[in-house]
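No gaps in the numbering here: position 18 of the sequence shown is 18 in full-length UniProt numbering, and each next residue is one more.
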Amino acid sequence: MAAVSPTLTGARRLVVKVGSALLVDENGLRGNWLRALCDDVAAWRGRGCDVVLVSSGSIALGRRVLGLPLGALPLEQAQAAAAVGQIRLARAYEEALAPHGVTTAQVLLTLEDSADRRRYLNSRATMQTLLSLGVVPIVNENDTVATDEIRFGDNDRLAAQIAVTCGADQLLLLSDVDGLYTANPKTDPSARHLPVIEALTPEIEAMGGDPVSGLSKGGMKTKLMAARTAIAGGCAMAIAEGSVMRPLSAVADGARCSWFLPESDPQLARKRWIAAMKPKGALVVDEGAALALRQGKSLLPAGVRTIIGDFGRGDPVAITGPSGETLATGLTRYTADEARRIAGHRSDRIEAILGYTARAALVHRDDMAL
Numbered sequence: 001m002a003a004v005s006p007t008l009t010g011a012r013r014l015v016v017k018v019g020s021a022l023l024v025d026e027n028g029l030r031g032n033w034l035r036a037l038c039d040d041v042a043a044w045r046g047r048g049c050d051v052v053l054v055s056s057g058s059i060a061l062g063r064r065v066l067g068l069p070l071g072a073l074p075l076e077q078a079q080a081a082a083a084v085g086q087i088r089l090a091r092a093y094e095e096a097l098a099p100h101g102v103t104t105a106q107v108l109l110t111l112e113d114s115a116d117r118r119r120y121l122n123s124r125a126t127m128q129t130l131l132s133l134g135v136v137p138i139v140n141e142n143d144t145v146a147t148d149e150i151r152f153g154d155n156d157r158l159a160a161q162i163a164v165t166c167g168a169d170q171l172l173l174l175s176d177v178d179g180l181y182t183a184n185p186k187t188d189p190s191a192r193h194l195p196v197i198e199a200l201t202p203e204i205e206a207m208g209g210d211p212v213s214g215l216s217k218g219g220m221k222t223k224l225m226a227a228r229t230a231i232a233g234g235c236a237m238a239i240a241e242g243s244v245m246r247p248l249s250a251v252a253d254g255a256r257c258s259w260f261l262p263e264s265d266p267q268l269a270r271k272r273w274i275a276a277m278k279p280k281g282a283l284v285v286d287e288g289a290a291l292a293l294r295q296g297k298s299l300l301p302a303g304v305r306t307i308i309g310d311f312g313r314g315d316p317v318a319i320t321g322p323s324g325e326t327l328a329t330g331l332t333r334y335t336a337d338e339a340r341r342i343a344g345h346r347s348d349r350i351e352a353i354l355g356y357t358a359r360a361a362l363v364h365r366d367d368m369a370l
């Protein structure tokens with residue numbers, strides 16, 4: 001039986017990647033297009049869907065202001081252009097979404113922020129908090145400080161990482177192509193469009209091409225790399241042509257695109273990822289805490305009796321019951337030293353003990369695999 005593609009209207013948490021070539025042309029910012037996109041974003045928010053926008057365009061906008069030429073720029077010029085363009089990009093989104101009563105937030109990240117577990121947890125907590133408050137985060141790579149060693153290099157892969165980080169069930173890459181073809185349709189008239197991709201086989205990955213736009217950096221190859229990250233994290237991903245007005249509505253109404261099907265749902269994928277980690281320490285809990293964990297609750301300091309090992313914040317730890325049985329593996333929100341100081345105490349005592357405001361849970365249920 002043929003696989004059925006997801007429907008964009010069914011998304012619960014949607015990440016949308018906007019390419020530079022869609023947002024900026026030779027005349028500057030495409031304001032009418034951006035406002036139409038934000039009309040779509042507001043409509044999806046009105047249906048109860050969380051939306052995150054991963055937007056290129058800061059360098060393209062900044063280089064116009066600074067009079068820099070098209071084409072590759074030296075790193076310091078690209079960072080300068082990003083610094084000038086980023087404030088304009090954020091303002092444009094803010095002004096386009098404000099009439100809908102939607103609050104925006106700017107989130108700037110680098111590859112290092114996702115590779116380092118502590119920074120990853122901080123990013124995840126910030127994104128979750130923003131979404132819970134009804135905010136639409138506008139995410140971009142922090143080009144003003146990123147070096148080649150800590151860069152994503154393209155927003156396709158950044159968008160996939162953001163989708164996994166915030167537990168999105170759908171990722172939409174708005175691009176200048178309407179999906180994946182068996183060959184380059186511009187040069188091969190026999191190229192076939194692939195509406196649904198069930199698995200990233202070597203044959204599929206061999207179909208990646210090069211960028212076709214002078215303003216964008218990501219080609220089909222980076223989109224396939226993004227797909228690998230997204231589907232492994234339980235997130236369905238679509239590649240769609242985005243230059244039309246209200247591109248989300250166009251995809252929802254059946255516009256041609258390519259869907260990559262996820263391997264599982266986001267929550268299950270994250271739990272499997274945590275369960276596969278090797279613990280760097282252990283937290284021994286009492287019977288009350290063990291019962292709370294079995295009921296799907298977070299681990300609070302009050303239920304912890306013993307701390308074993310030396311670990312940092314964000315490290316995986318085993319959670320064991322009073323009889324030594326392993327109950328779960330989780331990512332701790334405190335270092336081993338901090339955990340020892342607050343173990344056995346109520347969460348409202350944490351600030352007095354540590355001297356600063358901190359999170360109530362020692363291990364949150366979202367960061368735990370039973």
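Ideal Cβ positions, reconstructed from N, Cα and C, are used throughout, including at glycine.
Counted as a single uninterrupted DSSP element, the beta strand (DSSP E) harbouring Lys-17 occupies residues 13 to 18. The Cβ atoms of Glu-263 and Ala-269 sit closer than 9 Å to each other. The beta carbon of Gln-128 lies closer than 7 Å to those of Cys-166 in the same chain, with the five residues before and after it left out. Within the model, the alpha-carbon separation for Ser-5 versus Leu-173 is close to 15 Å. Shown here, Val-135 sits in coil according to DSSP, grouped into three states, outside any helix or strand.
Residues of the same chain with a CB within less than 8 Å of the CB of Trp-259, apart from the 5 flanking positions on each side, are Ser-5, Pro-6, Pro-195, Val-196, Ile-197, Ala-236, Met-237 and Ala-238 in chain order. In this structure, Lys-17 sits away from Ser-58, with a CB-CB distance that is not shorter than 9 Å. The alpha-carbon of Thr-201 is positioned some 29 Å away from that of Asn-140.
Rounded to the nearest whole angstrom, the C-alpha separation of Thr-335 and Gly-281 is 10 Å.
Close CB contacts of Asp-286 within its chain, under the 7 Å cut and outside five residues either way in sequence, are with Gly-303, Arg-305 and Pro-322 (chain order). Under a 10 Å Cβ-count criterion, Thr-332 is classified as buried, with 16 or more other Cβ atoms of the shown protein chains found around its own Cβ. In this structure, Val-84 sits near Val-65, with a CB-CB distance shorter than 9 Å. Annotated three-state conformation of Gly-62 is helix, per DSSP. Ser-123 sits buried, since 16 or more C-beta atoms from the chains shown fall within 10 Å of its C-beta. Cβ-Cβ distances below 7 Å link Gly-309 to Lys-280, Gly-281, Ala-282 and Ala-336 in the same chain, with the five nearest sequence neighbours on each side left out; the list follows chain order.
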